[in-house]
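Chemist: So for the sequence shown, numbering that gives the first Met the number 0 puts the first residue at 0; every next one is plus one.
Even for Gly, the Cβ is constructed at its ideal location relative to N, Cα and C.
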Amino acid sequence: MLAYGAGTRGGMSGSCGMEIAIALMINCPGVQIYVSRPDSSADVIRRYKLATFGDRPLTDGEIKKMSVELGKSVGWLRKALVS
0 MLAYGAGTRG GMSGSCGMEI AIALMINCPG VQIYVSRPDS SADVIRRYKL ATFGDRPLTD
60 GEIKKMSVEL GKSVGWLRKA LVS
């Protein structure tokens with residue numbers, strides 16, 4: 000999937016253009032390329048929580064909804080929000 004922040008049509012435009020992704024597919028067929036997520040995602044999640052829900056404690060339902068939206072487990076999310 001190339002849609003995660005790639006391309007020049009919004010998202011994180013300019014950080015990795017669609018042209019580079021296409022060139023990799025053409026020039027490196029069959030090669031798996033892994034792009035890791037930032038290690039500081041816990042910080043980003045805490046800021047997302049503050050912007051979305053404010054400073055109040057989250058309900059179990061809200062934590063489950065956030066975990067689905069962000070692609071993280073409920074346990075990981077709870078730990079990130081506490082630390």
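Which same chain residues end up closer than 8 Å to Ala79 when comparing Cβ atoms and leaving out the 5 residues on each side of it in sequence?
Modeler: The residues are Ser40, Ala41, Ile44, Arg45 and Lys71.
Chemist: Quick one: what's got a C-beta closer than 6 Å to Glu18's C-beta in the same chain, skipping five residues either side?
Modeler: Around Glu18: no qualifying Cβ.
Chemist: Under a three-way DSSP split, which group does Ser40 fall into?
Modeler: Reduced to three states, the DSSP call for Ser40 is helix.
Chemist: Determine the extent of the alpha helix (DSSP H) in which Ser66 is found, giving its start and end residues.
Modeler: Counting along the chain, the alpha helix (DSSP H) containing Ser66 begins and ends at Asp59 to Leu69.
Chemist: Since Ile19 is in the alpha helix (DSSP H), which residue starts that stretch and which ends it?
Modeler: Ile19 -> alpha helix (DSSP H) spans Met17 to Asn26.
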